[in-house]
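A.B. asks: Input: one structure, supplied below.
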Amino acid sequence: MRRVSDALDRARADLVDGRAWKARDRLTGLLTRIDDEVLNLLAQANCEMGDLSAAGGLWFVTGRNDERSREAVAAWRERHGNAQARRRSLPRPVRTTPPSPQVRELRRAAMEHPTTGADGLDAAEKASCSGCSLLAATMVVLVVVLATIGGVTVVNSLTG
Numbered sequence: 001m002r003r004v005s006d007a008l009d010r011a012r013a014d015l016v017d018g019r020a021w022k023a024r025d026r027l028t029g030l031l032t033r034i035d036d037e038v039l040n041l042l043a044q045a046n047c048e049m050g051d052l053s054a055a056g057g058l059w060f061v062t063g064r065n066d067e068r069s070r071e072a073v074a075a076w077r078e079r080h081g082n083a084q085a086r087r088r089s090l091p092r093p094v095r096t097t098p099p100s101p102q103v104r105e106l107r108r109a110a111m112e113h114p115t116t117g118a119d120g121l122d123a124a125e126k127a128s129c130s131g132c133s134l135l136a137a138t139m140v141v142l143v144v145v146l147a148t149i150g151g152v153t154v155v156n157s158l159t160g
């Protein structure tokens, strides 16, 4: 228990000293043992780093309800539009060991309203994959065009 307390003290000092990224790293390492103090401090580190969505997910789990946390939870809900995406956005230890009432409800909602297809991807992931495919095809065409131009230039310089 002393190790957790020391890590929390160091994370608080990191936040005071403007090293939110260091606090986040320390606190993420503590997530094998879930407790609201760790989650609240990790959410604060994420918030100070400008990742309101990540902070919101953690504050959702703890049930924190103040102006700052409501804004962050709203950002989290907006970014992760459905229950499955919201559940997946939470760190694995938060989702699995032992789940808070909020996480149990999120799991239930995700199971009641599945958004994934047979391929296991939800609509956002499919859109992301199709965007990657389009980008890859564009890159291939660009490489072929540039190679052709380069080849013509080399041939012209050799014959001219």
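All residue numbers for the sequence shown refer to the UniProt record's numbering, where the first residue is 1 and numbers rise by one.
Beta carbons: idealized from backbone N, C-alpha and C, even for Gly.
These numbers come from a predicted model, not from an experiment.
1. What would DSSP say about residue 65, mapped onto helix, strand or coil?
2. What are the uninterrupted segments assigned as alpha helix (DSSP H) that are 4 or more residues long and contained completely in the segment 16-83, given in chain order?
3. Note down, in chain order, each residue of its chain lying with its Cβ closer than 7 Å to the Cβ of residue 120, except the 5 sequence neighbours on either side.
4. Output yes or no for whether 7 Å exceeds the beta carbon distance between residue 46 and residue 54.
5. In whole angstroms, what separates the C-alpha of residue 10 from that of residue 17?
6. Mapping DSSP to helix, strand and coil, what is residue 133?
7. I need the straight-line Cα distance from residue 118 to residue 110, nearest angstrom please.
8. With a cut-off of 8 Å on the beta carbons, I'd call residue 30 and residue 7 a contact; round off their distance for me.
9. Could you tell me the boundaries of the alpha helix (DSSP H) in which residue 96 lies?
10. For residue 21, count neighbouring Cβ atoms within 10 angstroms of its own Cβ and tell me buried if that reaches 16, exposed if not.
11. Assuming contact is defined by CB atoms lying nearer than 7 Å, are residue 76 and residue 56 in contact in what I supplied?
12. Which of the three DSSP states, helix, strand or coil, is assigned to residue 157?
13. Note down the Cα distance separating residue 145 from residue 152, rounded to an integer number of angstroms.
14. Let's test the definition: count the other Cβ atoms within 10 Å of the Cβ of residue 69 and tell me whether it reaches 16, buried, or not, exposed.
15. Give me the Cα-Cα distance between residue 138 and residue 105, rounded to the nearest whole angstrom.
C.D. replies: Quick answer:
1. coil
2. 20-29, 36-48, 52-62, 67-79
3. Residue placement at residue 120 is poorly supported in this model, since its pLDDT is 48, which falls under 50; the coordinates still yield a value, given next. Here the set comprises nothing.
4. yes
5. 10 Å
6. helix
7. Legend: pLDDT at residue 118 = 48, less than 50; position of this residue unreliable, value from coordinates given subsequently. Looking at the two C-alpha atoms, the distance is approximately 16 Å.
8. 6 Å
9. 92-96
10. exposed
11. yes
12. helix
13. 11 Å
14. buried
15. 43 Å
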